[in-house]
Amino acid sequence: MPYDLLILIVPTLPLAGFAFTALFGRRLQARSGRNAASALPIGAVVVSWVAAMVVAAAALGRAEPFGEHGHSIGLWQWIPAGKFVVEAGFHVDALTACLLIVVTTIGMLVHIYSIGYMSHDPGTWRFFAYLNLFMFSMLLLVLADNFLVIFVAWELVGLSSYLLIGFWYRKRSAALASKKAFIVNRVGDVGFALGIMLIFVSLGTLNVQEVLARIGELDQPTITAIALLVFCGAAGKSAQFPLHVWLPDAMEGPTPVSALIHAATMVNAGVYLVARANPIFGHAQSAMVVVAAIGIFTAILAASIAFTQTDIKRVLAYSTLSQLGYMFAALGVGAWTAAIFHLMAHGFFKGLLFLDSGSVIHAVHEEQDMRRMGGLWRRIPITYWTTLIGSLAIAGIPPLAGFFSKDEILAEAFKNGFLVVWAIGFVVAGMTAFYMFRLMGMTFWGPSHVAPEIEPLVHESPPSMTVPLVILAIPTIFLGLVLGLPFGNSLIHTWLEPVFAETLAASGHPEAAFSLFGIDGALILASVGIATVGILVAWHFFGVELLGLRRAPRPEQVTAIAEANAATRFLYRASLNKWWFDELNDLLFIRVGGRIATACWWFDRTIVDGTVNGLGALARGLGTGLRRVQTGRVQNYALGIAIGLIVMAGSYLVIVSGR
Amino acid sequence: MAIPDTIPFIGLSWNDLLFLAFAALLLGSGLLVVVMRDIIRCGLAMIVCFGALAGIYVILGAPLIAGAQVLIYIGAISVLVLFAIMLTQTKAAPVRLVFQTQAVPAAILAVILALILVLVIGATDWGAAAERLQVGTAELARILFRDFVLPFEVVSVLLLAAVIGGIYLAKRELDQGEATDRG
Amino acid sequence: MTVQDLTTIAPFVAAVLVAGALIVVDLIVPGSRRATLAISLAGLAGVAIVTLITGATPGEAFGGSYRLDALTTFLDLLFVAVVALTIVFAKDYLAARDLPLAEFAAVLIFAMSGALLISAAADLLVLFLGLELMVLPGYLLAGFAKRDALSTEGAIKYFLLGSFSSAIFLFGLAFIWGLTGSTRVDVVATELGKIVAGTAPLSAGLAMGLAFLTTGVAFKIAAVPFHYWTPDAYQGSPTPVTGYLSVGPKIGAFALILRLFVGALGPLREDWLMVIVVLATVTMTLGNLVAISQDNVKRMLAYSSIAHTGYMLVGLAAWASPHSSIAGLEGLLYYGAAYSFMNLGAFAVVAALQRRRGVSSAIETFAGLGRREPALALLMTLFLLSLTGIPPTAGFLAKAYVVLAAVEAGGPAGILAVILVLNAAVAAFYYLRVVVYMYMREGKDVPAVEKSGLLRLGLAGTAILTVLLGLYPGPLVRVVEDAARALVS
Amino acid sequence: MINSLDAYLILSALLFCIGTFGFLARRNAISMLMSIELMLNAVNLAIVAFGAFNPLLREQGSIIALIVIAVAAGEATVGLAIVIAIFRNRRTPLVDEYDAMRQ
Amino acid sequence: MIVEGSSLPLLSLVTFVPLVGALIIAFIPKGNERAVRWTALGAAFVSFGLSLLMLIGFDPLASGFSYVERVDWIPVFGVQYKVGVDGLGAVLVVLTTTLSWISILASFGPIKERLKEYMISFLILEVGLIGVFVALDLFLFYVFWEVVLVPMYLIIGIWGGSNRIYATIKFVLYTLVGSLLMLVAILATAYTYQAATGSWTNAFDFESLRTFAGTVGFANGLQLFAFLAFFLAFAIKVPMFPFHTWLPDAHVEAPTAGSVILAAIMLKLGAYGFIRFALPLFPDAARTFAPWIIVLSLIAIIYGAIVALVQPDLKKLIAYSSVSHMGFVTLGIFVFQEQGMQGAILQMVNHGLITGALFLLVGVIYERTHDRTIAKLGGLAGRTPVYAAAFGFFVFASVGLPGLSGFVGEFLVLVGAFTANPYVAAVATSCMILAAAYLLWMFQRLFTGELSEFLTGLGGHLTDIRPVELLTLAPLGALIVVFGLFPGLILNLVQTSVTTVLESVQGGTVAAFHVLVR
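Chains as they are written, first to last, in this note's numbering: chain A, 8 to 666; chain B, 577 to 759; chain C, -14 to 474; chain D, 1266 to 1368; chain E, 38 to 555.
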């Protein structure tokens, strides 16, 4: 019972914070300053974090009432429409707990970080209100035990994401990006919604536990359809190809938002959903293949784009895409636990990296172009070191978090026979290391390209920003060690075992124990090796001034390689232009779609309405024509009458003769 | 000298001859009424026409009607019409002023109507007696005042109404002048 | 002629006496509008009372040529009401133009006496005489503003064409009479029944007679294509006369149709049904279509009255259908009553506006009326809505009644029902156009017209009836039921 | 053949058509009025003829004809009054010039 | 008068209190505008209060109708004044009374010309609207149906925009064409009943007719004709593609409150008519035509949204969005599934609340700018933040954001559609994207970016939303949240109605649709 209350507190406090701040924050800020306005939302999130930690600890510890399979609490009957009954309720198990940890921790840190980051913005209250709304939505998403409630949360995170991306509403690009994010997400949501309908129509319930328990009753095509439709939603939220286009644009939002939503939490929702629905996917192997394929394709696609981007946040955004691709690949190959492991690890280190980038941007006065940075490592040391830690982690250098999770994914892919997935993943690992250190090189090392007027003003961020960086660096370093060890019986496996056990058993690919030796060892060596190669290549081209080791950047060599031949030229252009997806979408939806809409409107006015008006005009025309008969001359009238008489006589004769 | 029952050579009875003569006169003068230019002559032709009709009524054995025809039509209506003609115009009008532009279609229509009527009359069994019948005046009066009292009274009301209204309309007002509300 | 004869035709006699009294009084005290008004209204009240009293004992008179039944009483009361309202609405209008009220009222009441005769006629000759007695004064009334070029022009057109049609009608009567051997309606019906039953031949002459009769009657009710006189006569006539012409002679002619086509020619209804169906269709449709493009309200109402003729004919068709519906006749009668009041009301508003000389009935006159004359505008809106057939007005119920009958009858009448409602929608356009001018356009700033108490009373009466016949139709429905039953029994 | 109802009726029909033609073709109001009188006379001829040949209608025919004559007189009165009234306004008896109202 | 259950003719009071108000206003002397305003609001509020009383006493589990009152009207034809409500009627009556007083309140500021006539029109309009929802006699229903027309005609025509006359005449004519044919159908139905039972008694009585339809059933020919006639009338009112073009014009020209009532209540008349009359009385015809109506609904949903995308005028955009949203309602009705119909009813209410609020919001900006061209407005968020927030709230409600009421209705409709045919549901669901696209695009153009030149030119006139204006929106917003979280409040009320209607038409449609698709 106390846990029930705690569980309730977790999402409710942010909601209350949102409601209060949305209604009164403006006045409060005007009267008592921005700290007063942000105190409540931050406090709400902190308390929520505490509660979540307690709950998570209990759930992971399998304390009563959670046990192995988690604990459900019902709230109220949301929709009572005949057979269609939706009970709003929460369910907490190990998977939920893992997500709770990531969401509340990063969420809280981002809130704190934002105090400093948003200290110059007049809309602080609004920002915190939105953040709280997001926290509520995300927590609802992970807690909900009904697919429709999940869908609610799904859309609500979309809404908060929309609000936060478009936070600087005066910026046209921000407004466009927010709209794009929402709409692209909705594309995925359509699939998800249809999936939910199919679930209901097939099983008559939407309760997650019931559905997962009874999914086996259905026939194969239906399950596959459900799985693919649900994955459709997941792909939208987690920005998988071809719905990945919104995420890079979403970087128009304030950087804490990017860290929280577009790196650490919301974009993981898709991964969470698929993991949550693992029995469905477990029964639909063909859908799993699709998931794996899309995931790994996104991974390499995004990585290839990240190669050439110059906006620091965009590089990170593509990196996020790429890592999410990894996670889906993991889900697809049946590496469920590894996917969640990577989710958590990525949440922390990517959150860290984004906050770092925010700190950098802050330092160089809202400049995001890496070509106008360089040599910052001395000026903003805390940021620099934490970024370095994050980069090493994402590159998969042991013993940082990324190493454990990523290597586990690759290994599982290899061992489960998805060799292509492994091969691509392997390449992407190297690419990841390369573009991350390209980022490091351009930003922190090498000569400074900071605009001269800003140069003297570059400064380290205030403690409210740096403290979260340091805090986040801790799990980035130690998470892997804690959760990923000991090999063969790691903590994360122990935690999540009940969640995935049945699916794994059914799929025939039990998650093999990971060990340091044999094939596993070889794979570890290989991936660490490729990561190192990636780092070295980046080092070679983009210069390093680390611990006295100096190496000048060589942009001319980059250009030379890019222009080397048609193939490289094409690849370079493709990377630079993000494989022209924006152009394609622009063509399809703005130009062609716009034409269609305009044509429809024309049709509406000219044909549909034209018919209506035409009938009116016809009546008028007939009337005007017929009134000509009225000549005003009485003999004409008489003639008409006489004609009428003759016609009448004729008619009667015909009628009578017909008798 | 006895007049033969039938006209020699032609075989018509005298009555028939009379009928034909009156019929010719009737139609001829009728036509003149509608085709002559001078409207006064038209009026005179109308009197002839009415007279011819009275003759036919006599042949038909309805002398009372013939009398009424002479008295009312020739005595009253025609005179009225002639007065009206005098009042409204003095000289004959040229053809284009006499006839409508639609005179030709009018003629065609009239002919069609006539054809239809003639054919219909010929095709219809009117349930008539072969010989025409004579109606005595006394009998007529009896019927008039037995079965047709109401119509008889109504006619008087009708004439009264027509006269009152007619007088009002035709009466010349002191303050002459155009006044119109344009509808 | 017996005393009983006289008491039975008492309404007619009373009407003639009133008219006569008017003339006599006018001779004694010339030009006294007050006296004229008092006598005519009191006289009409008397006629109404007499009608009610005699109506209590139905019977026949003059050897069966006059038949007093529920239909007679209903129609007579309607005619009296119409004429009384016409006089009420005409008083100020005539006074403003120095036109004599006495002659007007006398002629009008003579016309009414003709209508009274029609409603009771059981004899073809009486029918014809009633008709002539009704329309001859009508010609005079149309030209009553004799110094007004339009009035006299309308009058002569009306007269010439009316006489033409009378001659045609009379020719038809002669044929029917010659073939059936009687002028008595019941005898004619019996004889025709024999023909239908096959015991007597159905001749071409009969068809010709029907054609001439139908043409003549169609002219009087202003059915297309015999309607040409209507717009000109209506536009030209002094507005109160137009109101009367659009109602009195039309209802009178429908009474004639009931007595002649339903009563005498009823057995042949299979033959004339299709003609009526076609007439109804083209009448509704053409009336409405042409009304759309009219810019003069009187002329527009003229065309609208043509359309209403078509609607009423639908009731007749419903009765004449193979699956005969007596509701058709009831609907026709109900329609007649509803139409009388709403149409008179509409013309009364026009007349009230034209009280000041020189005010035309062009639609621009109505611009901004909602601001200038809120009461008149509201009433006009009511009448127009009723003419459109929007509930809860008399016009709606009347249409519904006719449509119900048509639906009941099915077949061609059922199709007529659909045509009718589509026409009603078209009609909404031009009726509402007037409302548009009244409320949605700004007009010239003209001082408000004087409205006498009498006018107010008359308008209130028509308005109340227009609403009442829509909201509380029960009593009148019973009356028309009785009337229709009396007709066909 | 000649001395039969048909003959009289045909005569009546022809007169009626002559009247009709006159009514349709003449421009002068009084001419039109005269045409109408012709038509009414034609009808009367038919009525009298029916009375003369049909035993059933023997008595009625004449009376109806009489009444019709009276009605025609009334009509003529009214018509001429209107003609005179309009002539005062318009100074022309030509009906087709009375077209102030149309359409 | 026979009043079942209680001695108080509650429904008649709810219906005719506004009429009393209108009569009182008619006698308020000229110039006393305060009195006119408050009398109108008072009358609407009394009616609202009474309707709440009605709702409180309503038993959702009662079968048949509650608060029935019956008086003979035209006994000869069995026409009665008979009113009563079931759950569906009760919900819509309360929706009407709610939006009526809100609309009247919202008219306080903008209407300055001919206030008296305006308020009278508005109250009569309310009478007609409530009457339609309570009438249980087909004839009475038709009378109320038409009564609605006139005041709305005047409201658009007198207090409307520049092209108001065209719009209002189009509105009336369009509606009349449909409704008059419905009259023929009503009469034909009643006559058929009379012919079958031999008596006019109860021939127009809805309950008797429904029983007749359920037991004996109307002949096929009549069903087809009558259903088509009813369909035309209702489809025009809804409005369904391709009978929708009067709506954008009417909306654009109508004054704010007129648009509100038009969108919120008037469009519901058609959908209500389908559920109440067309389906139970002519079930066979309904099944026959259902596939085609579903197709039309789908076209309306998608096409309306697409056309809404490119509308330059704010009100037109919302009007087309109404076409799209109402497509969901008709879709929900004609899939003949429990969820579908419940969703449709919920969607009716939601659309009423949301679109009503959106029109109120448009009115707010129009009052300040006298322009509704989206292109000329821009960057409002900075100048009018509260307004922007309110607008945003309702825009997202309209987008169908879960948690707000719009979502539940839409989703239930989709579930119903999915049960009937997944492909239908798939097409309809794709509208989620389009709705987001046109609404968010509109929102973006209106509120984001720098303040537009046109708005800058207005200077101080461009003030943020006033408390009074917020007051009109607040109840709508609150209801949207409440119904979003507790849709059961409505769903439980209408459950019985839906079950009853569905029992009469159940079966057939799915198969029929498959035939069509093939």
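Even for Gly, the Cβ is constructed at its ideal location relative to N, Cα and C.
Quick one: which chain A residues come within Cβ less than 7 angstroms of residue i?
| i | result |
| --- | --- |
| F211(C) | I648, G651 |
Give me whichever residues DSSP pairs with residue i in a beta bridge.
| i | result |
| --- | --- |
| M410(E) | In the sequence as displayed, the identity of residue 410(E) is Thr instead of Met. Paired residues: D350(E). |
| Q216(A) | Its beta-bridge partners do not exist; DSSP assigns none. |
| Y347(C) | Checking the sequence, you will find Ala at residue 347(C) rather than Tyr. Answer is N281(C), bridged to A347(C). |
| Y118(E) | V108(E) |
| P87(A) | V92(A) |
Taking C-alpha atoms, which residue in the options lies nearest to residue i?
| i | options | result |
| --- | --- | --- |
| F176(E) | G198(E), S137(E), L166(E), I111(E) | I111(E) |
| K205(C) | L12(C), K179(C), L241(C) | L241(C) |
| P320(E) | G437(E), A294(E), A263(E), K67(E) | A263(E) |
| N192(A) | A182(A), K244(A), R69(A), L163(A) | K244(A) |
| G354(A) | M273(A), E415(A), V52(A) | M273(A) |
| L173(E) | F159(E), V164(E), V120(E) | V120(E) |
| V110(A) | N139(A), M145(A), A101(A) | M145(A) |
| F129(C) | V299(C), T224(C), I153(C), S17(C) | T224(C) |
| P18(A) | M60(A), L492(A), A513(A), R41(A) | M60(A) |
Which chain D residues are close to residue i, counting only those with a beta carbon under 7 angstroms from its beta carbon?
| i | result |
| --- | --- |
| R640(A) | D1361, D1364 |
| E729(B) | Here the premise fails: no neighbours, minimum Cβ distance about 11 angstroms. |
Which chain C residues are close to residue i, counting only those with a beta carbon under 7 angstroms from its beta carbon?
| i | result |
| --- | --- |
| A626(A) | L274, I277, V411 |
| T700(B) | S188, A189, G190 |
| T631(A) | S278 |
Can you name the residues of chain C whose CB is closer than 9 angstroms to the CB of residue i?
| i | result |
| --- | --- |
| I195(E) | G355, Y424, M425 |
| V619(A) | In chain order: nothing, as chain C lies at least about 12 angstroms away. |
Listing by chain order, which chain B residues have their CB less than 9 angstroms from the CB of residue i?
| i | result |
| --- | --- |
| A656(A) | L689, I692, L693, V696 |
List the residues of chain D whose Cβ lies closer than 9 angstroms to the Cβ of residue i, in chain order.
| i | result |
| --- | --- |
| A645(A) | T1285, F1288, L1289, M1297 |
Contact list for the stretch 620 to 631 of chain B against chain D, Cβ threshold 8 angstroms: M622, C625, F626, L629
Three or more C-beta pairs closer than 8 angstroms, one from the stretch 117 to 130 of chain C and one from the stretch 168 to 179 of chain C: is that the case here? no
Anything in the stretch 183 to 194 of chain C with a Cβ closer than 8 angstroms to a Cβ of chain B? List those residues in chain order, please. P186, S188, A189, G190, L191, A192, M193
Looking at chain A, which residues of the stretch 248 to 264 of chain C have a Cβ within less than 7 angstroms of any of its Cβ atoms? D256, M259, V260
Specify whether the stretch 331 to 345 of chain A and the stretch 365 to 379 of chain A touch according to this definition: at least 3 beta carbon pairs, one from each stretch, less than 8 angstroms apart. no
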